[in-house]
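Following: one structure in structure tokens, then a few remarks.
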Amino acid sequence: MIHDAGLIERQSLHDTVTSRLREMIVDGIYPPGSRLPERVLCETFGISRTPLREALKVLASEGLLELAPNRGARVADLTAADVDELFPVMGALEALAGELACAFITETELAEIRALHYQMVLHYKRDERQAYFELNQQIHENIQKAARNPTLIASYNNLSGRIRRARYTANISTHRWAEAVNEHKEMLEALDTRDGARLAEILKRHLRNKCETVKAALKELEDTAADRTDSSSPLMGEG
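Basically the numbering used here = 1-based index in the sequence shown + 253.
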């Protein structure tokens, strides 16, 4: 059987570029509303415009970008309405994953999640937010994998980039951060006892709390922008 090595290489390049661009958007390197400089990105990745534009189309389908004819790609804004639409769906997916994971998780997988949790807590105590968030994300992804449901995982992955980008919108408060760490402790306990119903409820609560944090941050950003607009406007009656 003859394999098309060229096709495999092209697919690998496409996946790599898409993944790196997704991370740049999620990590806030390109914030909401900013345009992606195609020439600069092509030079950065050492690629032509064709694989770049293929990657942009994928990210647009995920809701991370907006594509306009003759205007290129723009990072999509995140609104309170987007958050209200997105988080309940993600909460339902995570809850289902939690129930299934409790039924199918192996001791090896559980030990890995436990180790990630303790590393994450250590970063929390050191106030190392970036490292904390990376391990946090990995724990959620490992629970998804333990669910043994490819359709669920595909649905989760399609939304996870938007959820992670929302995280960068919010400056998590000290109180909420401590609350989130405790929720993760409860998740681990539910996994330990294989209590799927309990884990599902914890994950739904975890996502609800995250939703409220992001919405509060969005409102604060909107209020700040409105204050700046008001302060830059000429006073009535000035002349």
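Glycine included, C-beta positions come from ideal geometry on N, C-alpha and C. This structure is a prediction, so every number in the text was calculated from the model and none was measured.
- Counting along the chain, no alpha helix (DSSP H) covers G325; the unbroken beta strand (DSSP E) around it starts and ends at 325–328.
- Under the DSSP assignment, L294 falls outside any beta strand (DSSP E), being part of the alpha helix (DSSP H) whose first and last residues are 291–298.
- Cβ contact annotation for V336 (same chain, cutoff 8 Å, sequence separation greater than five): A419, C464, V467, K468, L471, in chain order.
- By the Cβ neighbour-count rule, G351 is buried, with 16 or more other Cβ atoms within 10 Å of its own.
- Residue ranges of uninterrupted alpha helix (DSSP H) with 4 or more members, entirely inside the segment 371–446 and ordered along the chain, are 382–399, 403–422, 427–445.
- Taking P304 as the centre and dropping the five residues before and after it, the same chain places the C-beta of L266, H267, V270 closer than 6 Å to its C-beta, in chain order.
- DSSP places E475 in the helix class (H, G or I) of the three-state scheme.
- As DSSP reads the structure, L320 sits in a beta bridge with A326.
- Remark: C-beta atoms of R415 and L317 approach each other more closely than 8 Å.
- Nearest in C-alpha terms to R401, of all of Y385, L289, R273, A354, is A354.
- Beta-bridge annotation (DSSP): R458 is not paired with any residue.
- Comparing alpha carbon positions, the residue from L339, S272, C295 closest to K457 is L339.
- Rounded to the nearest angstrom, the gap between the Cα atoms of L320 and T297 is 21 Å.
- Under DSSP, R288 forms a beta bridge with R327.
- Boundaries cannot be given for G281, as no alpha helix (DSSP H) includes it and DSSP labels it neither H nor E.
- Nearest to L474 by alpha-carbon distance, out of P403, A348, D330, R324, is D330.
- Using a 10 angstroms sphere on the CB of A453, the tally of other CB atoms reaches 16 or more, which defines it as buried.
- Distances from the alpha-carbon of R288 to those of L274, L346, I455, L441 put L274 closest.
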